[in-house]
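Data block below; observations after.
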Amino acid sequence: MTTLVWNLEENATRRHLLDEALLQLPEARRAQVRAAADAAGVPEGHHHDLGAVYATIDALDASERVKDDMRAIYRILAEAEATAHGCAVEETHFHEVGNGEALRNVAAICLAVEALDPDEIVATPVQTGRGTVTCAHGELPIPAPATAAIIARGIPTCERLLEGERCTPTSAAVILHFVGRYER
Numbered sequence: 687m688t689t690l691v692w693n694l695e696e697n698a699t700r701r702h703l704l705d706e707a708l709l710q711l712p713e714a715r716r717a718q719v720r721a722a723a724d725a726a727g728v729p730e731g732h733h734h735d736l737g738a739v740y741a742t743i744d745a746l747d748a749s750e751r752v753k754d755d756m757r758a759i760y761r762i763l764a765e766a767e768a769t770a771h772g773c774a775v776e777e778t779h780f781h782e783v784g785n786g787e788a789l790r791n792v793a794a795i796c797l798a799v800e801a802l803d804p805d806e807i808v809a810t811p812v813q814t815g816r817g818t819v820t821c822a823h824g825e826l827p828i829p830a831p832a833t834a835a836i837i838a839r840g841i842p843t844c845e846r847l848l849e850g851e852r853c854t855p856t857s858a859a860v861i862l863h864f865v866g867r868y869e870r
């Protein structure tokens, strides 16, 4: 049985999730996953609603498994944004989470998980951080409302909070989608 373990006690950003997954792969395979994410065809710029993000995902040069995982992650994000803004999922608009870099990071995480093909993914409780963060909506408390909405769906968090944003809406959506069990 293959288990992927994510230690999220100090950091739970999408970059950290990717690094944690890539470290489980042989070095040559890591380079292949990074190259595949870069070559998948994610355009620069913003993809402002779920339909535009889905269209971008559908056009990627990636397996259906990777595309399904990406669509599920962005659906979780859209639901959280809808909760945070009091609107329908179809009316949500992505800002930072819909840009090319975020989509490439999510693609890379999904590609790494596909390459590892773990039987389960286990994580520690998640470090959300504390303080405030400046984003497209101005200054928000940490965790940001969309992050908090995703965490409320069953992600355990650390009691000891570190300064700064340690878990973003995107990383919370990745965690909710992939993690099957949490351990201290």
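Taking this note's numbering, the leading residue of the sequence shown gets 687, the next gets one more, and so forth. From the three backbone atoms N, C-alpha and C, an ideal C-beta is built for every residue, glycine too.
For Ala858, the closest of Thr689, Leu708, Lys753, Leu704 by C-alpha to C-alpha distance is Leu704. The Cβ atoms of Ala798 and Leu708 sit closer than 8 Å to each other. Leaving aside the five residues that flank Glu800 on each side, the residues in its chain whose CB is nearer than 7 Å to its CB run, in chain order, Ser749, Arg751, Val752. Taking the CA atoms as reference points, Gly817 sits about 10 Å from Arg852. Your pair Pro827 and Thr814 does not check out as a contact, with CB atoms roughly 10 Å apart and the cut at 8 Å. Residue state for Ala698 is assigned as coil, using DSSP reduced to three classes.
Under the three-pair Cβ rule at 8 Å, the region 859-870 counts as touching the region 802-814.
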